[in-house]
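Here the working numbering is used: the first residue of the sequence shown is 57, the next is one more, and so on.
We put the CB at the ideal spot given by N, CA and C, even for glycine.
Computed from a prediction, not measured in an experiment: that's the story for all the values here.
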Amino acid sequence: MHIHEAGAMHGDFASLRPSWLGVPDNVNALLPRLWARGVERADDGVLHVGGLPVEHLAAEFGTPAYVLDEDDFRARCRSWSEAFGGDDVYYAAKAFCSKAVLRAAAEEGLMVDVCTAGELAVALAAGIEPRRLGFHGNNKSEAELREAVDVRVGRIIADSYTEIERLEAIAAEAGIRPHVMVRVNVGVEAHTHEYIATAHEDQKFGFSLSDGDAYEAARRVGTSKHLYLAGLHSHIGSQIFDTSAFEVSALRLVRLFARLQEELDEDMAELDLGGGFGMAYTSQDDPLPPADIAASLRKIVEEDCAAAGIAVPRLSVEPGRALIGPAVFTLYQVGTVKPVTLSAGASRLYVSVDGGMSDNVRTALYDATYSATLASRASTAAPALARVVGRHCEAGDIVVKDEFLPADVAPGDLLAVPGTGAYCRSMGSNYNHVPRPPVVAVRDGEARVILARETVDDLLRLDVG
Ligand code: LLP
């Protein structure tokens, strides 16, 4: 089904809605790229996932709940792993981290990127082989580094001279020679639809390329008898939709790679271009398929290596959002509906749900855009411009800033917000002492809890007086 701009009869909304948001012809239609593959509106109008009606999920697990279509997540992992076959795809666990999800990613052929002892503990508890893990972070503690070395994590991505010194001492003491990559700040900053190739290097991550720090850091690792220089790494941003920004960063990385190989006689194996590949949150977003991304990144790196006269190293990427984001939707129940008149003839429907910025802070924090649909029934009512808001005590507690919902949306209805798999549960909070929702995974027509709902008792347990 297509969503497109309607005619003048909908002009009342024009002043209130963003220009990208068309008035839908059919307010019940789902835009496929926003939803996990197993989600559909059944003949009775109810949203189903993997054949299960959302009403049943709400009755069994309560709301709000994050609902994961596990087959969809696995299919996305497979398509990335197949597209980059022969090279490595690391699932960035910061987007969403649980044992079941990390295990599924590993079963579908992916490696896993962690950035704290907490994420590492989940990966180890999930049974992921340590050699299939990468360890990131700009301020890893000595204890974290020691653990990463001791369990023999596959690669540690170094982010400062202090860390390199710590790693040398730890490795010398343990008698283990860890594989270390150097994170390079390539001076490229990419966001949704644009990038800057001369980004100011005024940020905390990586070693700057332009002032020689990246070369010096790689030299120190490469000449250390306790460390093994495994390669170079860069990560240039998030929610990136084309590969042109990677072109500049890859070129800069390959040039450094070539220089290090020549001057240090180093036999580095790997070049990591990081994560940041975009996903669709609204009709504005149209991400490239992984096969196109892989083909384009490979071509860029091959051309750059040919120009630099070096063999093509092993390539790796670290997508998080693109894998888990679209596989999850949040199921809420509507509590109150309040039309607010803003100017003559123009009003906005404030739809309050039983969650909010504690389960999805991205709208409040980044001005992120989301979509929503009435999930417990189809409606014949006209579309009304709505704002889905949470239950927290502040005006900025918005889940979906602009969306058309049927004008008869009412207390008790279920609402689904797609694309909430990445950085929603992982950035969740207990603001206002609201316990965090569960994650329910649906696979083969069955639903199971993979992260339990927190309770007020859980919160009180930590309140030791
Ligand atoms: N690799 C590194 C080194 C990263 O720092 C990140 C994300 C990723 C991979 C994965 O990026 P992804 O493919 O998921 O975009 N909280 C923000 C996003 C922060 C991303 C931080 N680093 C958000 O909700 O948009």
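For I212, list the residues DSSP reports as bridge partners. F191 and V236
Practice task
For the beta strand (DSSP E) holding R97, just list the boundary residues, first then last.
Solution key: V95 to R97
**Request:** Put M65 into one of helix, strand or coil per three-state DSSP.
**Result:** At M65 the pLDDT is 39, less than 50, meaning the model places this residue with poor confidence; the figure from the coordinates comes in the next sentence. DSSP places M65 in helix when its eight states are reduced to three.
- Hey, is the segment 99-118 in contact with the segment 480-490, meaning 3+ C-beta pairs nearer than 8 Å? no
Can you grab the Cα-Cα spacing for the pair L180 / G101, in whole Å? 42 Å
Skipping 5 residues on each side, what residues in its chain have a beta carbon closer than 6 Å to that of H289? I213, M237, R239 and D328
Exercise for the section: Check whether the Cβ atoms of R447 and G118 lie closer than 8 Å to each other. Expected result: no
Checklist entry - In this structure, does DSSP put A162 in helix, strand or coil? => result helix
| Exposed unless 16 or more other CB atoms sit within 10 angstroms - verdict on P345 | exposed
How big is the Cα-Cα spacing for G190 and A227?
17 Å
Report the rounded CA-to-CA distance for H235 versus G287, giving the unit in angstroms. 9 Å
Q. Cα-Cα, which of A301, Y479, A314 and V465 is closest to A151?
A. Y479
Could you please give the first and the last residue of the uninterrupted beta strand (DSSP E) stretch that includes Y426? Run containing Y426: none; DSSP gives neither H nor E here.
Member of V417, R202 and G243 whose CA lies at the smallest distance from the CA of V224:
Here residue 224 is Glu; the residue named in the question, Val, does not match the sequence. Ranking V417, R202 and G243 by Cα distance to E224 puts R202 first.
Helix, strand or coil at R73 according to DSSP, with G and I counted as helix:
coil
For F460 and T392, the rounded distance between their alpha carbons
17 Å
Around the C-beta of Y251, are 16 or more other C-beta atoms found within 10 angstroms, so that it is buried, or is it exposed?
buried
- Query: If we count the other Cβ atoms within 10 Å of its Cβ and call it buried at 16 or more, is A451 buried or exposed?
  - Reply: exposed
CA nearest to the CA of P375, picked from C361, G401 and A350:
A350
| query | Buried or exposed: where does R73 fall if 16 or more other Cβ atoms within 10 Å of its Cβ makes it buried? | reply | buried
For this session: Would you mind giving the Cβ-Cβ distance between G381 and M335, rounded to the nearest angstrom? I have them listed as a contact below 8 Å.
Result: 4 Å
message = Taking the beta carbon of R481 as the centre, do at least 16 other beta carbons fall within 10 Å, making it buried, or is it exposed?
response = buried
task = Leaving out five residues on either side along the sequence, give the residues of the same chain with a beta carbon under 6 Å from the beta carbon of R492.
result = G484 and E510
Exercise. CA-CA distance, S305 and V390?
Worked result: 45 Å
Open item on the list: Using only CA atoms, which one of A424, Y388, L124 and A442 lies nearest to L405?
Closed with: A442
Is D342 near the ligand LLP - that is, is its Cβ less than 7 Å away from at least one heavy atom of it? no
task: Use the C-beta contact count for T436: other C-beta atoms within 10 angstroms, 16 or more gives buried, fewer gives exposed.
output: exposed
Query raised in the report: If we call anything under 8 Å between Cβ atoms a contact, is P467 one with P80?
Result: no
*Is H60 helix, strand or coil when you go by DSSP?*
For H60, the predicted model reports a pLDDT of 40, less than 50, meaning its position is unreliable; a value from the coordinates is still stated below. Coil at H60, not helix or strand.
#### Entry: Three-pair Cβ contact test at 8 Å for the segment 155-167 versus the segment 419-435
no
- How far does the beta strand (DSSP E) with K394 in it reach, from first residue to last? V384 to S399
Give a yes or no on contact between the segment 352-366 and the segment 303-321, applying the rule of three or more CB pairs nearer than 8 Å. yes
Does DSSP classify G231 as helix, strand or coil? coil
message = Please determine whether the Cβ atom of S294 lies at a distance below 7 Å from any heavy atom of the ligand LLP.
response = yes
Which residue marks the beginning of the beta strand (DSSP E) containing Y17, and which one marks its end? In this structure the chain extends from 57 to 521, so residue 17 is not present and cannot be described.
For D321, I'd like the list of residues in its chain whose CB is within less than 6 Å of its CB, leaving aside the five on either flank, ordered along the chain. none
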